[in-house]
Amino acid sequence: MSDTLFHKVWDAHAVRRLPSGQTQLFVGLHLVHEVTSPQAFDMLRQHGWRVAFPDRTFATVDHIVPTRSQQRPFLDVMAEEMTVVLERNCREFGIPYWPPDNDNQGIVHVIGPELGLTQPGMTIACGDSHTSTHGAFGAIAFGIGTSQVRDVLASQCLALDPLKVRRIDVNGSMRPGVYAKDVILTIIRQLGVQGGVGYAYEYGGTTIDRLSMEERLTICNMSIEGGARVGYINPDDTTFAYLQGRRFAPRDAAFDRARAWWRSMASDARAGYDDRVAFDAAAIEPTVTWGINPGQSVRISERIEGDPHDEAFAFMGFQPGDRVAGTKIDVAFIGSCTNSRLSDLEEAARIVRGHRVAPHVKALVVPGSRAVSRDAEALGLDRVFVDAGFEWRGAGCSMCLAMNPDRLEGREICASSSNRNFKGRQGSPTGRTLLMSPAMVAAAAIAGEVVDVRTVLPEAVLA
Amino acid sequence: MNPASSHQPPATSARVAGRALPLRGDDIDTDRIMPARFLKAVSFEGLERHVFEDDRAADPAHPFNDARYGGAAILVVNRNFGCGSSREHAPQGLQRYGIRAIVGESFSEIFQGNAVMIGMPCFVADGASIDRLQREIERDPAAIVTADVASGLVQAGALEIRATMPPAARDGLLSGRWNPTAMLLDGIDEVRAVAGRLPYIANFPAR
Numbered sequence: 042m043s044d045t046l047f048h049k050v051w052d053a054h055a056v057r058r059l060p061s062g063q064t065q066l067f068v069g070l071h072l073v074h075e076v077t078s079p080q081a082f083d084m085l086r087q088h089g090w091r092v093a094f095p096d097r098t099f100a101t102v103d104h105i106v107p108t109r110s111q112q113r114p115f116l117d118v119m120a121e122e123m124t125v126v127l128e129r130n131c132r133e134f135g136i137p138y139w140p141p142d143n144d145n146q147g148i149v150h151v152i153g154p155e156l157g158l159t160q161p162g163m164t165i166a167c168g169d170s171h172t173s174t175h176g177a178f179g180a181i182a183f184g185i186g187t188s189q190v191r192d193v194l195a196s197q198c199l200a201l202d203p204l205k206v207r208r209i210d211v212n213g214s215m216r217p218g219v220y221a222k223d224v225i226l227t228i229i230r231q232l233g234v235q236g237g238v239g240y241a242y243e244y245g246g247t248t249i250d251r252l253s254m255e256e257r258l259t260i261c262n263m264s265i266e267g268g269a270r271v272g273y274i275n276p277d278d279t280t281f282a283y284l285q286g287r288r289f290a291p292r293d294a295a296f297d298r299a300r301a302w303w304r305s306m307a308s309d310a311r312a313g314y315d316d317r318v319a320f321d322a323a324a325i326e327p328t329v330t331w332g333i334n335p336g337q338s339v340r341i342s343e344r345i346e347g348d349p350h351d352e353a354f355a356f357m358g359f360q361p362g363d364r365v366a367g368t369k370i371d372v373a374f375i376g377s378c379t380n381s382r383l384s385d386l387e388e389a390a391r392i393v394r395g396h397r398v399a400p401h402v403k404a405l406v407v408p409g410s411r412a413v414s415r416d417a418e419a420l421g422l423d424r425v426f427v428d429a430g431f432e433w434r435g436a437g438c439s440m441c442l443a444m445n446p447d448r449l450e451g452r453e454i455c456a457s458s459s460n461r462n463f464k465g466r467q468g469s470p471t472g473r474t475l476l477m478s479p480a481m482v483a484a485a486a487i488a489g490e491v492v493d494v495r496t497v498l499p500e501a502v503l504a
Numbered sequence: 139m140n141p142a143s144s145h146q147p148p149a150t151s152a153r154v155a156g157r158a159l160p161l162r163g164d165d166i167d168t169d170r171i172m173p174a175r176f177l178k179a180v181s182f183e184g185l186e187r188h189v190f191e192d193d194r195a196a197d198p199a200h201p202f203n204d205a206r207y208g209g210a211a212i213l214v215v216n217r218n219f220g221c222g223s224s225r226e227h228a229p230q231g232l233q234r235y236g237i238r239a240i241v242g243e244s245f246s247e248i249f250q251g252n253a254v255m256i257g258m259p260c261f262v263a264d265g266a267s268i269d270r271l272q273r274e275i276e277r278d279p280a281a282i283v284t285a286d287v288a289s290g291l292v293q294a295g296a297l298e299i300r301a302t303m304p305p306a307a308r309d310g311l312l313s314g315r316w317n318p319t320a321m322l323l324d325g326i327d328e329v330r331a332v333a334g335r336l337p338y339i340a341n342f343p344a345r
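Chains as they are written, first to last, in my numbering: chain V, 42 to 504; chain H, 139 to 345.
Okay, here's the thing in structure tokens:
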């Protein structure tokens, strides 16, 4: 029988049909962080429940960690308390935990893949909507709320309804200066921020097939911005090569057995889908958001269109007919679970090398994990950024959602490699976010305004 | 205090009656409902004070600032309400503020799931019906609106609109078993059996 990965994984993890008609679905990997878990642990304690599968549960601290100095205790008393509470909960319930000073610490959606915890064919849940990121490996991964975190802790299961599956094909060659971020922003723009509600997105096609794992993570990460709680890419040789040798990945003969099982979970060539759409990669340009949701974007060469009464225009200070190119920026942020991995930093460094950040711009690079930091420093990327006038920070979520001291002030405009341009998202209620690729952020930091990255890429790349 | 009981709304959650609050606009995200800085806490207590805090500060005419809608029990919204972050702090804040049911054109899945988990029904109706309902509430903010899970009917004066919700949410709210943990734990032996069949749990042993 031919079927999609979504249905194969769902069926393999279905425990039983609940009286409500929902499926009791087993969760193969549960990632826990400090913001959405404390109330869940409290509920466990009050009911006398244990954690059902502590060895399928991993915790770290990412949202609230400061990035300037990660010395404990944190200066922010509440951040310190949240960290202490997570530490106590992990100790009490026997959950593996990586503290801020541990080599494995980082954003949950960065460290899961990098440690080999994230594998094809799994179900993965975390109290964070960007859990869709892990779908890049061919896992069914989704964000949950705190009450559901409690359910997964207590039973390793969730009560869920299945999703429909939309196949999104991207075919052809991406032009120089166009990145995975531009691909997903284009998809969200076309299908809408509500378009994915009720669906899992399966990304495929020749463009997707050629992407690295880190690029695939960027694509799947932003599925939720298109309304799709789940986004995934079928596992292939790129996936298997990435996993080989990772700390939690199977080894030797077990790896061969794993690969066979992983392959068997991929969608069959003749699988049926509830919907299909296709994109031409060659038509995608560097893309940047202008509004207050991730679907409000334009190609960098394009003018903004829309209803002038849309609150996004007044909030952002744009008018219909404006271009985003040429917009002066105050802050440049390279980081977040969308675009803080080594290849993101390498690409940004390529643009930054030998240049200076514009004098009026505050620019920071926040690696997604301590491993990304180490790898980047081994390549000397930290020096490239610092020499250009960027701040090189410790790992964490940082200015993506500003739960730590990194935040916008007043109406500052930030060129950001993160995932959400919601009002107030970067910590100032009136702060403004322009989402774009890390390369575009780097180019904007140097120019002091939004520019087409293709005009600053080394000529060898564009030739 | 027992957390389940602290999260359980009044026994009438299958039928909510009270004044209503129309909040117009599509794609109202959870960062707006509950800005991230208020997530810096280890409990949900006090979140009612911060519902739409930044939107309210920016707009004196925001419906949550409007005294005519004070004490509303039913929130009426448009499309894709609660998109974005999975933070349960958003529905928790609304519920603690006094909202016991939400009626809208559509909801983000994560938000809707979170709301049901704390016993707050999310009714879905077509755009024209929602518009009529919002107008009716704006015309007469003191009107008592009822939202009935069993029948799916939302009534405001003479206006009656038909709404739906996912069957499992409806059944859970009607039976009082919207909180599934105990049900999930009932199947724990089957859970262990499923785990035993999944090859990755034991890191792909030879079999």
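Here a beta-carbon is modelled for each residue, glycine too, at the ideal position from N, C-alpha and C.
Of the choices the options, whose alpha-carbon is the least far from that of residue i?
{"i": "Ile454/V", "options": "Asp315/V, Val73/V, Met357/V and Ser439/V", "result": "Met357/V"}
{"i": "Asn317/H", "options": "Arg207/V, Ala241/V, Pro217/V and Gln189/V", "result": "Gln189/V"}
{"i": "Gln272/H", "options": "Leu185/H, Ile339/H and Tyr207/H", "result": "Tyr207/H"}
{"i": "Val50/V", "options": "Ala344/H, Asp169/H, Arg345/H and Pro337/H", "result": "Pro337/H"}
{"i": "Val413/V", "options": "Val398/V, Pro217/V and Arg434/V", "result": "Arg434/V"}
{"i": "Glu191/H", "options": "Ile248/H, Met172/H and Leu297/H", "result": "Met172/H"}
{"i": "Met303/H", "options": "Gln293/H, Ser289/H, Arg315/H and Ala294/H", "result": "Ser289/H"}
{"i": "Arg207/V", "options": "Leu420/V, Ala241/V, Arg397/V and His350/V", "result": "Ala241/V"}
{"i": "Pro229/H", "options": "Gly310/H, Ile282/H and Gly184/H", "result": "Gly184/H"}
{"i": "Ala179/H", "options": "Val492/V, Leu475/V, Asp493/V and Asn445/V", "result": "Asn445/V"}
{"i": "Ser43/V", "options": "Gly313/V, Gly218/V, Arg270/V and Asp52/V", "result": "Gly313/V"}
{"i": "Leu59/V", "options": "Gly163/H, Leu159/H, Pro201/H and Glu328/H", "result": "Glu328/H"}
{"i": "Leu177/H", "options": "His48/V, Asp348/V, Val427/V and Gly168/V", "result": "Gly168/V"}
{"i": "Val393/V", "options": "Asp371/V, Ser458/V, Ile325/V and Ile487/V", "result": "Ile487/V"}
{"i": "Lys222/V", "options": "Leu46/V, His71/V and Arg257/V", "result": "Arg257/V"}
{"i": "Ser267/H", "options": "Leu311/H, Arg187/H, Arg300/H and Ile282/H", "result": "Arg300/H"}
Rounded to whole angstroms, what's the CA-CA distance from residue i to residue j? Just pull it up for me.
{"i": "Lys369/V", "j": "His401/V", "result": "9 Å"}
{"i": "Ile112/H", "j": "Glu243/H", "result": "No answer is possible for residue 112/H: it lies beyond the span of chain H, which begins at 139 and ends at 345."}
{"i": "Thr187/V", "j": "Val339/V", "result": "35 Å"}
{"i": "Ala404/V", "j": "Ala373/V", "result": "5 Å"}
{"i": "Phe245/H", "j": "Ala294/V", "result": "46 Å"}
{"i": "Ala320/H", "j": "His227/H", "result": "23 Å"}
{"i": "Leu127/V", "j": "Glu298/H", "result": "48 Å"}
{"i": "Ser410/V", "j": "Arg382/V", "result": "8 Å"}
{"i": "Gly334/H", "j": "Asp165/H", "result": "42 Å"}
{"i": "Asp142/V", "j": "His48/V", "result": "40 Å"}
{"i": "His171/V", "j": "Ile152/V", "result": "13 Å"}
{"i": "Val154/H", "j": "Ala280/H", "result": "15 Å"}
Leaving out the 5 sequence neighbours to the left and right, which residues in its chain are closer than 8 Å to residue i when beta-carbon positions are compared?
{"i": "Val240/H", "result": "The question names Val, yet the displayed sequence has Ile at residue 240/H. Result list for Ile240/H: Ile212, Leu213, Val214, Val215, Phe219, Leu232, Ala253, Met258, Pro259, Cys260 and Phe261, in chain order."}
{"i": "Arg448/V", "result": "Met440, Gln467, Gly468, Ser469 and Gly472"}
{"i": "Leu199/V", "result": "Gln65, Leu66, Val68, Ala166, Ile185, Gln189, Asp192 and Val193"}
{"i": "Ala319/V", "result": "Ile209, Asp210, Val211, Asn212 and Gly246"}
Does DSSP put residue i in a helix, a strand or coil?
{"i": "Glu453/V", "result": "coil"}
{"i": "Glu343/V", "result": "coil"}
{"i": "Asp192/H", "result": "helix"}
{"i": "Val56/V", "result": "strand"}
{"i": "Pro279/H", "result": "coil"}
{"i": "Ala266/H", "result": "helix"}
{"i": "Asp447/V", "result": "coil"}
{"i": "Asp493/V", "result": "coil"}
{"i": "Arg191/V", "result": "helix"}
{"i": "Pro95/V", "result": "helix"}
{"i": "Gly472/V", "result": "coil"}
{"i": "Val180/H", "result": "coil"}
{"i": "Asn212/V", "result": "strand"}
{"i": "Trp90/V", "result": "coil"}
{"i": "Arg153/H", "result": "strand"}
By Cβ distance, which residues of its chain are closer than 6 Å to residue i, with the 5 residues on each side in sequence left out?
{"i": "Leu226/V", "result": "Thr328 and Ser338"}
{"i": "Asp385/V", "result": "Pro479"}
{"i": "Arg270/V", "result": "Phe183"}
Please work out which residues of its chain come closer than 7 Å, Cβ to Cβ, to residue i, disregarding the five sequence neighbours upstream and downstream, and give them in chain order.
{"i": "Leu284/V", "result": "Gly157, Gln160 and Ala290"}
{"i": "Pro203/V", "result": "Trp51 and Thr64"}
{"i": "Pro104/H", "result": "The displayed coordinates of chain H run from 139 to 345. Any statement about residue 104/H would go beyond what the structure contains."}
Completely contained alpha helix (DSSP H) runs for the segment 295 to 325 of chain H, where each covers 4 or more residues: 305 to 313 and 319 to 324
Any beta strand (DSSP E) of 3 or more consecutive residues that is wholly inside the segment 262 to 331 of chain V: 271 to 274, 316 to 321 and 328 to 330
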